[in-house]
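Quick note, the sequences are listed as chains A and B, same order.
First residue of the first sequence? That's 6 in my numbering, and the numbers climb one at a time after it.
First residue of the second sequence? That's 6 in my numbering, and the numbers climb one at a time after it.
Beta carbons: idealized from backbone N, C-alpha and C, even for Gly.
Number of protein chains: 2
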Amino acid sequence: MLKFTETLIPTLKEDPVEAQVVSHKLMVRAGLIRQLAAGIYTWLPMGLKVLRKVEHIVRQEMDRSGAQEVLMPAVQPAELWKESTRWEQYGKELLRIHDRHDRDFCFGPTHEEVITDLVRKNLQSYKQLPANFYQIQTKFRDEVRPRFGIMRGREFLMKDAYSFDLNVEGLDQSYERMFQAYKRIFQRCGLAFRPVEADTGSIGGASSHEFHVLADSGEDTIASCSACDYAANLEKATAAPAPAATAAEAAADMTRVETPTQKTIEEVASALNVSPAQCVKTLVWRDAESDAWFLLLLRGDHELNEVKATNIAGAMSFMPEPGDVASALGVQVGFLGPVGAENFPVDVRIIADHALKGAHNMVCGANEAGWHLRGVNWNRDLAAPEFADLRNVVEGDGCPRCEAGKLKLNRGIEVGHVFKLGTKYSEALNVSVLDENGRGVNPIMGCYGIGVSRIVAAAIEQNHDDNGIVWPINLAPAQVHVIILNPKEEAAALTAVDMARRLEHAGLEVLLDDRDERPGVKFKDADLLGLPVRLVVGGRSFKEDQVELKMRRAPEPIKLPKNDAVDYITAKVMEAQAIV
Amino acid sequence: MLKFTETLIPTLKEDPVEAQVVSHKLMVRAGLIRQLAAGIYTWLPMGLKVLRKVEHIVRQEMDRSGAQEVLMPAVQPAELWKESTRWEQYGKELLRIHDRHDRDFCFGPTHEEVITDLVRKNLQSYKQLPANFYQIQTKFRDEVRPRFGIMRGREFLMKDAYSFDLNVEGLDQSYERMFQAYKRIFQRCGLAFRPVEADTGSIGGASSHEFHVLADSGEDTIASCSACDYAANLEKATAAPAPAATAAEAAADMTRVETPTQKTIEEVASALNVSPAQCVKTLVWRDAESDAWFLLLLRGDHELNEVKATNIAGAMSFMPEPGDVASALGVQVGFLGPVGAENFPVDVRIIADHALKGAHNMVCGANEAGWHLRGVNWNRDLAAPEFADLRNVVEGDGCPRCEAGKLKLNRGIEVGHVFKLGTKYSEALNVSVLDENGRGVNPIMGCYGIGVSRIVAAAIEQNHDDNGIVWPINLAPAQVHVIILNPKEEAAALTAVDMARRLEHAGLEVLLDDRDERPGVKFKDADLLGLPVRLVVGGRSFKEDQVELKMRRAPEPIKLPKNDAVDYITAKVMEAQAIV
Chain A
6 MLKFTETLIP
16 TLKEDPVEAQ
26 VVSHKLMVRA
36 GLIRQLAAGI
46 YTWLPMGLKV
56 LRKVEHIVRQ
66 EMDRSGAQEV
76 LMPAVQPAEL
86 WKESTRWEQY
96 GKELLRIHDR
106 HDRDFCFGPT
116 HEEVITDLVR
126 KNLQSYKQLP
136 ANFYQIQTKF
146 RDEVRPRFGI
156 MRGREFLMKD
166 AYSFDLNVEG
176 LDQSYERMFQ
186 AYKRIFQRCG
196 LAFRPVEADT
206 GSIGGASSHE
216 FHVLADSGED
226 TIASCSACDY
236 AANLEKATAA
246 PAPAATAAEA
256 AADMTRVETP
266 TQKTIEEVAS
276 ALNVSPAQCV
286 KTLVWRDAES
296 DAWFLLLLRG
306 DHELNEVKAT
316 NIAGAMSFMP
326 EPGDVASALG
336 VQVGFLGPVG
346 AENFPVDVRI
356 IADHALKGAH
366 NMVCGANEAG
376 WHLRGVNWNR
386 DLAAPEFADL
396 RNVVEGDGCP
406 RCEAGKLKLN
416 RGIEVGHVFK
426 LGTKYSEALN
436 VSVLDENGRG
446 VNPIMGCYGI
456 GVSRIVAAAI
466 EQNHDDNGIV
476 WPINLAPAQV
486 HVIILNPKEE
496 AAALTAVDMA
506 RRLEHAGLEV
516 LLDDRDERPG
526 VKFKDADLLG
536 LPVRLVVGGR
546 SFKEDQVELK
556 MRRAPEPIKL
566 PKNDAVDYIT
576 AKVMEAQAIV
Chain B
6 MLKFTETLIP
16 TLKEDPVEAQ
26 VVSHKLMVRA
36 GLIRQLAAGI
46 YTWLPMGLKV
56 LRKVEHIVRQ
66 EMDRSGAQEV
76 LMPAVQPAEL
86 WKESTRWEQY
96 GKELLRIHDR
106 HDRDFCFGPT
116 HEEVITDLVR
126 KNLQSYKQLP
136 ANFYQIQTKF
146 RDEVRPRFGI
156 MRGREFLMKD
166 AYSFDLNVEG
176 LDQSYERMFQ
186 AYKRIFQRCG
196 LAFRPVEADT
206 GSIGGASSHE
216 FHVLADSGED
226 TIASCSACDY
236 AANLEKATAA
246 PAPAATAAEA
256 AADMTRVETP
266 TQKTIEEVAS
276 ALNVSPAQCV
286 KTLVWRDAES
296 DAWFLLLLRG
306 DHELNEVKAT
316 NIAGAMSFMP
326 EPGDVASALG
336 VQVGFLGPVG
346 AENFPVDVRI
356 IADHALKGAH
366 NMVCGANEAG
376 WHLRGVNWNR
386 DLAAPEFADL
396 RNVVEGDGCP
406 RCEAGKLKLN
416 RGIEVGHVFK
426 LGTKYSEALN
436 VSVLDENGRG
446 VNPIMGCYGI
456 GVSRIVAAAI
466 EQNHDDNGIV
476 WPINLAPAQV
486 HVIILNPKEE
496 AAALTAVDMA
506 RRLEHAGLEV
516 LLDDRDERPG
526 VKFKDADLLG
536 LPVRLVVGGR
546 SFKEDQVELK
556 MRRAPEPIKL
566 PKNDAVDYIT
576 AKVMEAQAIV
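So this is what it looks like as structure tokens:
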């Protein structure tokens, strides 16, 4: 059993000033972690116990899925990253290292190159496929702005897995096996989570899912349907096409209106007394590779989805600075619009979001500083443009998959990612295995990550109250927190130790608070630490042969005859574990 | 159960060309590891299982000793290393890193600074002592010449522990607890090992022990007594003073002899027809700090122990280049001697090894190129010098601790080290805890390392034969290697799988060779992999309801009725585990 007096549990009364999110505050206050440098943390004994529990669940489920555990090095030679061309492409997040002989290495943020090299050198035949290799290992990503404690740290523990298959059907099966393993992992961790569709970037057609733990503090927005199981992250989520608008009012004449200082949608809408939805937001986009220019049109109340814009315009495309736009198009940003765009000094391709398809009597910039147009209508004042999905979905959008549902938005913390990689790395590194016909083929890869340390923080974000952490049963550093109310009450103290021993013999893990501290301090620390069961031995109850039991999630303690407590607690814990 | 067809076990027939020692050869050939870069290895599934077994034993015994597990970062900020002054002192083995903001970090080769900083910030009172923190973690040392596979790799897995005590008595107890834990760890690993006294360098008086696995290929030499339990590494080992020599011959006259080309002891002894033991080896040593010069005298058949020389002459002392010696003393190296040393241009302090105390009629250099002296005697031809222990012990030296024993020399592989650190780091980092009287004191530290990955290699160095690895029972990746002799014999194949399952239900770990390969290939791989028990199912024996069992350490297989085999194997394995 763990004794409080023999374990470093440096609890704090105050929130650390640098902590913004609740998991960071509570992990420091409960003595689970301590910062060593920005984004770099030491795991103290109680924190490490939680981390190992997550690690254990992940390992068991990965093994059950048939994946093979390996351990790759943290330090990787640059040569491999040059083969995949990521040495040049990867930005400053890649921590580059020079060894004593001035050879280039990096502290691995991910291991596609290393595992692909291993497969290239050690697998020859389709008979050795499918294969899925995983590791649980320390990674480093040199985040520009590490934050939120271990949630977005620089050094972290990750489970990464890489599957190799002979063909697409094999990849589909490997992917599905991982998908199911991930569901079991997060279920066993006791987390409310959601797998959501994620953008696959430049790899067309392949699928990708993120696993999000739902929590208000999450950095990511996820959209999910109220009726069916559609869910996607904001980058990827699409809305059903809005029903064709019925013209509520007759087409007005197109007129020029003076808007000397009104540039934003809000300013223009307010000055002209229309709703932002009536306005057209005109954004400029440019593909650096082809030097192509785009006008992207959105309903004034909608936001551009940059991932979707990039998927349309090219991987190297982006929104130029206002000054660059003004000098290229000859119009000041804030007064841009699609009418007369053919007169810009450069060719622009006009793409409007689907939501503008049925729009009429629109307000947009007049391409002249200080002026806007109103009463603008497609096909009369300008040709109907190309339409595409360009925007972030909003709460209440129709579900793209079912007829009945509306989208709702939630915040989520990404804790896992499954991804159909395809042959990107097996081609770049020239991996070839012989198929049944003796022909060499590039294996098709999938990659699968879980943020092991991040799960600890995510679990707290989702499971806490004003007093501290409320651990899910399978992640708690121990299940039972036994408090000796007053070490000077010898009989009670001896009974507490005896009960702790009997709980351990029943297979439970126990933290015994044997400190010479006031009861109030011990209760506060127990709430902060968040073990599922608190058992208090001593005081008046003890004289009546009773002990006090409080489940962390319950509002009030209950009293129990002391002779029944061990059996009762054991049954309660087993029951909770069985539900998970 | 592990199936061979579903596990990456890339065995090789040939030794890898780069491998020099047997553990390196066998780890690669048995498919336990693969090299990624010099001194950097990936652990494949079977190798990782062994590594995890070692890790598990280490963790259990550390926990049992009362140490608390933590997990410190691999990447450490330079500031801490500057506080301890090791940022400047540590050489190129320290892998220095610059992050994206150009701040200095290192990939930790050890964690004294980090743990001391943690204690400084989180422990305040003597009530929190003693405390012993450990971690099992990936370390990096940028070895100038990585070699012997994982034995002297750059990235490796280490258990490091750091104890903090209020006073010397506390440190002694913490040290002893670690010493006993280490003995249990290496015993449970099934290794023949020896704790030996080690040099403590500049920290006077403190003790230090290394734990060596005995193996002919070991890089270290250890001396141990044939009679008592004295053992020390060569750096530290001392010999009993030789009995005072009885002058076998009368004192001869001192004469000059011409030795035009004879410089080495061998050349001089041969030219003058005396034994090397009759000659005096004269070495020059210099302390860079004080610019003091030393003549170190040894019996011609003895070797200088540089650690002992440094301990006498100072931490910054060393043997200068021959050219520098010649210009400082005015005599060519090879013809130096103690007679007339008072005429050297610089003052020299003459120190002779104890073994020269009773010497007479010695041969030594005449301090003139081309000339030696013979018949040199203390107190007549020169003053008797200061005597000290300067040499490496040799086989047959008397034990310094008991009267009866003689020293013998063995080769060893250092797998553990326990060290009384003292207050070096707690002073440098200003760690202060309040003692019972409310006074701040620097805690006294001990540090304790185990090379977790190195143990895997050391176990192989000590346990192998011409055919492969012979795993100690508790380190084997699995205990039983079940071979399906011929997958086409369906009944036998089914029986093999069934037996493997039953062995697993009995608590054993099983590797099932289900490959479609010739029996010879499977037998060779089984020997190479070295699991303790090999069970062959199929062929003629199977028709007679028998299976073939071979213990890896036994010369020949035996036959057993197939219905008895599972119980028999289970009993054998349990028995072996009980002995460890």
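| Taking the runs of the alpha helix (DSSP H) that are 4 residues or longer, which of them lie wholly in the segment 411-460 of chain B? | 429-433
| Short-range partners of chain A found in the segment 139-152 of chain B, where Cβ spacing is below 9 Å | Q140, Q142, T143, F145, D147, E148, V149
| said: Under 7 Å, CB to CB, which of the residues in the segment 89-100 of chain B have a partner in chain E? | reply: The displayed structure is made up of protein chains A and B, and chain E is not among them.
| message | Using the three-state DSSP reduction, which class does V218/A fall into: helix, strand or coil? | response | Correct three-state label for V218/A: strand.
| request: Quick one: using the 10 Å Cβ neighbour count with 16 as the cut-off for buried, is G445/B buried or exposed? | output: exposed
| said: Let me check one thing: in DSSP terms, what residues is C5/A bridge-paired to? | reply: The question about residue 5/A has no answer here: the residues shown for chain A are numbered 6 through 585.
| request: Look at the alpha carbon of A43/A and the alpha carbon of V541/A, and state the distance between them as a whole number of angstroms. | output: Each residue's Cα considered, the two are about 39 Å apart.
| task | Quick one: using the 10 Å Cβ neighbour count with 16 as the cut-off for buried, is V218/A buried or exposed? | result | Buried: at least 16 other Cβ atoms inside 10 Å.
| query | Contact check, L434/A vs D122/A under 8 Å by CB: the rounded distance? | reply | 6 Å
| said: Relative to the C-alpha of K58/A, which candidate in G195/A, I317/A, D109/A has its C-alpha closest? | reply: G195/A
| query | Mind checking whether the beta-carbon of L309/B lies closer than 7 Å to any heavy atom of the ligand MG? | reply | As presented, the structure is devoid of all ligands, the ligand MG included, so that no description of it is given.
| request: Output yes if chain B places a C-beta closer than 8 Å to the C-beta of A320/A; else output no. | output: Among the CB atoms of chain B, none fall inside 8 Å of the CB of A320/A.
| task | Kindly say whether V119/A, judged by its beta-carbon, lies nearer than 8 Å to any beta-carbon of chain B. | result | Yes, its Cβ sits closer than 8 Å to a Cβ of chain B.
| Sequence-distant residues of the same chain with beta carbon closer than 6 Å to V262/B, five excluded per side | H377, R379
| field | Buried versus exposed call for L53/B [16 or more other C-beta atoms within 10 Å across all chains shown] | value | With 16 or more neighbouring CB atoms inside 10 Å of its own CB, L53/B falls in the buried class.
| said: Are the CB atoms of V75/A and L49/B within a distance shorter than 8 Å? | reply: In contact: L49/B and V75/A (Cβ atoms closer than 8 Å).
| field | Proximal residues to T16/B (C-beta, below 7 Å), its chain only, five neighbours per side dropped | value | R34, A35, G36, D530, L533
| query | For A357/A, which of R69/A, M367/A, I120/A, N348/A has the nearest alpha-carbon? | reply | M367/A
| request: Figure out for me which residue from D394/A, L100/A, D292/A has the closest Cα to the Cα of L309/A. | output: D394/A
| request: Starting from the Cα of V119/B, find the closest Cα among Y167/B, G456/B, Q551/B and give me that residue. | output: Y167/B
| query | With a CB to CB cut of under 8 Å and the five nearest residues on each side skipped, what residues in its chain are close to P265/A? | reply | G375
| message | Any beta carbon of chain A sitting closer than 8 Å to that of W48/B? | response | yes
| S332/A burial status per 10 Å Cβ neighbour count (16 or more: buried) | exposed
| Hey, would you say F9/B sits closer than 8 Å to L516/B, going by beta carbons? | Taking 8 Å as the Cβ cut-off, F9/B and L516/B qualify as a contacting pair.
| By how many angstroms is the C-alpha of V436/A removed from the C-alpha of R506/A? | The straight-line gap from Cα to Cα measures roughly 56 Å.
| message | Taking the alpha carbon of F161/B as the reference point, which residue from M6/B, R304/B, G456/B, K286/B has its own alpha carbon closest? | response | Considering only M6/B, R304/B, G456/B, K286/B, the residue with the shortest C-alpha distance to F161/B is G456/B.
| query | From this set, R157/A, G543/A, W298/A, D306/A, which residue's C-alpha is nearest T2/A's C-alpha? | reply | Since the first and last residues shown for chain A are 6 and 585, residue 2/A lies out of range.
| query | What in chain B is Cβ-close to D104/A, meaning under 7 Å? | reply | L100, D147
| Under 8 Å between the Cβ atoms of V538/B and V571/B? | no
| Where do the ends of the alpha helix (DSSP H) carrying D122/A lie? | 117-127
| said: Let me check understanding here. Comparing Cα to Cα, which of L513/B, V423/B, F349/B, R558/B lies closest to R185/B? | reply: In the sequence under discussion, the amino acid at residue 185/B is Gln, which differs from the Arg named in the question. Closest by alpha carbon: V423/B.
| Can we say the segment 470-478 of chain A touches the segment 176-190 of chain A, given the rule of at least three CB pairs closer than 8 Å? | no
| task | Along the alpha helix (DSSP H) that carries F184/B, what are the first and last residues, could you check? | result | 173-193
| message | Looking at chain A, is there any beta carbon in it that lies within less than 8 Å of the beta carbon of P15/B? | response | yes
| task | Determine whether the Cβ of R34/A lies closer than 8 Å to any Cβ atom of chain B. | result | no
| task | Could you check the C-alpha separation between P325/A and K425/A for me, to the nearest Å? | result | 32 Å
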